[in-house]
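Working notes, beginning with the structure itself.
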Amino acid sequence: MNFGPVAGIDVSKSFSDMCILSPDNQIFAQTKIYHDSTSMKHAEALLKKAADAFGSRPAVVMEATSHYHLSLFQFFSDCGYDVLVVNPLQSSSMKDFSI
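Counting from -11, one number per residue, gives the positions in the sequence shown under our numbering.
Written out as structure tokens, the structure is:
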């Protein structure tokens, strides 16, 4: 199964960490997002570089974290990215799931 690039965002109150993975699961780029327009535009520029490098736009995945994820969700959605918000209770239970 071949997947495209994926950007995972660890959302917190003061800033969020974003890591973009290539289709072969290698780290393509990492950055901190300080929840301001300059920082979010920088993160979006990295997503564009990943799209150019891999031929498809990264999906953006983040946990629902109080209300702190909402500005990121809105920004990346408005930029045309598929944004997936994961319930933190479900994602934490998945770490104990073995395949």
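For every residue, glycine included, the Cβ atom is placed at its ideal position computed from N, Cα and C.
Residue from the options whose Cα sits closest to the Cα of residue i
| i | options | result |
| --- | --- | --- |
| D24 | P76, H57, V73 and N75 | H57 |
| Y22 | D70, L60, A52 and K36 | L60 |
Test item: CB-CB of residue i and residue j under 9 Å
| i | j | result |
| --- | --- | --- |
| V(-6) | M50 | no |
| M6 | G(-4) | yes |
| K20 | F3 | yes |
| A47 | V74 | no |
| A17 | K1 | no |
| F42 | P11 | yes |
Residue i - DSSP class collapsed to helix/strand/coil
| i | result |
| --- | --- |
| F61 | helix |
| A41 | helix |
| A33 | helix |
| D66 | helix |
| T53 | coil |
| S27 | helix |
| M82 | Below a pLDDT of 50, predicted positions are generally treated as unreliable, and M82, at 47, falls in that range; the measurement from the model is reported next regardless. M82 falls in the helix class under three-state DSSP. |
Assigned exposure category for residue i - 16 Cβ within 10 Å defines buried
| i | result |
| --- | --- |
| L35 | buried |
| A33 | exposed |
| I8 | buried |
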